[in-house]
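Asks:
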Amino acid sequence: MAERSPWWEKVDVSKLSGDARYKILRHIVEKYGRKKVLEEIGISRITLWRLLERKSPIKPEYVKPLLKLLSREEFEKLVTARERLKSLGILRDDGTIDYSLALEILAVAKDDEYLKNVILRFVVQEFREDLKKMLGISFA
């Protein structure tokens, strides 16, 4: 069986906003300390100070090595859903979704009873009027 790569290797940090990169940097500094951050990204103390004070933009190459210090859950708390989807290549730069991937997710969902029910509830709640028109019925 092929070994799965770590979640953070799939993240395109260049798709994250400057604010999201700052949150990640700040979180890692608070969790591990400045020394660990300096070791991981190989920058000077002055450069780190400039980044933390938002005097300089946080480059993707500074954040990428820090991702391995985050759990997936921490990453999800720090970065908005829209940015996570962009950084994983699901949401394109123009705001459209990778439709083939969305269809693959729906195909997998049909075999997962919980996910299938969540999707159906969402569709009924969000697209009630469209469903009524399509099916020619009314929901009580």
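First residue of the sequence shown? That's 1 in this note's numbering, and the numbers climb one at a time after it. Backbone N, C-alpha and C define an ideal beta-carbon position, used for all residues, glycine too.
#1: Quick one, which of Gly18, Val37 and Ile90 has its alpha-carbon nearest Pro65's?
#2: Buried or exposed for Gly33, please, with buried defined as at least 16 other CB atoms from any protein chain shown within 10 angstroms of its CB.
#3: Answer yes or no: do Leu91 and Lys10 have a C-beta to C-beta separation smaller than 8 Å?
#4: Between Lys132, Phe127, Lys23 and Tyr114, which lies nearest to Tyr62 when the distance is taken from Cα to Cα?
#5: Among the residues of its own chain, which have a CB less than 8 Å from the CB of Leu67, if the five just before and after it don't count?
#6: Over what stretch of residues does the alpha helix (DSSP H) that includes Ile41 continue unbroken?
#7: Please state if the CB of Ala109 and the CB of Ile119 are separated by a distance shorter than 8 Å.
#8: Could you please give the first and the last residue of the uninterrupted alpha helix (DSSP H) stretch that includes Thr47?
#9: Beta-carbon separation of Glu73 and Leu16 under 8 Å?
#10: Any chance you could list the alpha helix (DSSP H) runs of at least 4 consecutive residues sitting entirely within the segment 76–135, in chain order?
#11: Which two residues bound the contiguous alpha helix (DSSP H) that contains Lys10?
#12: Is DSSP giving Lys31 helix, strand or coil here?
Replies: Taking the structure as given:
#1: Val37
#2: exposed
#3: In terms of Cβ geometry, Leu91 and Lys10 do not form a close pair [threshold 8 Å].
#4: If you compare the alpha carbons of Lys132, Phe127, Lys23 and Tyr114 with that of Tyr62, the shortest gap goes to Lys23.
#5: Short of 8 Å from the beta carbon of Leu67, and not among the five residues preceding or following it, lie these beta carbons of its own chain, in chain order: Trp8, Val11, Val13, Ile24 and Phe75.
#6: Per DSSP, Ile41 belongs to the alpha helix (DSSP H) from Arg34 to Ile41.
#7: yes
#8: Arg45 to Leu52
#9: no
#10: Taking only runs of at least 4 residues, the alpha helix (DSSP H) segments lying wholly in the segment 76–135 are 81–87, 99–109, 113–126 and 128–135.
#11: Where Lys10 is concerned, there is no enclosing alpha helix (DSSP H), given that its DSSP letter is neither H nor E.
#12: Helix, per DSSP.
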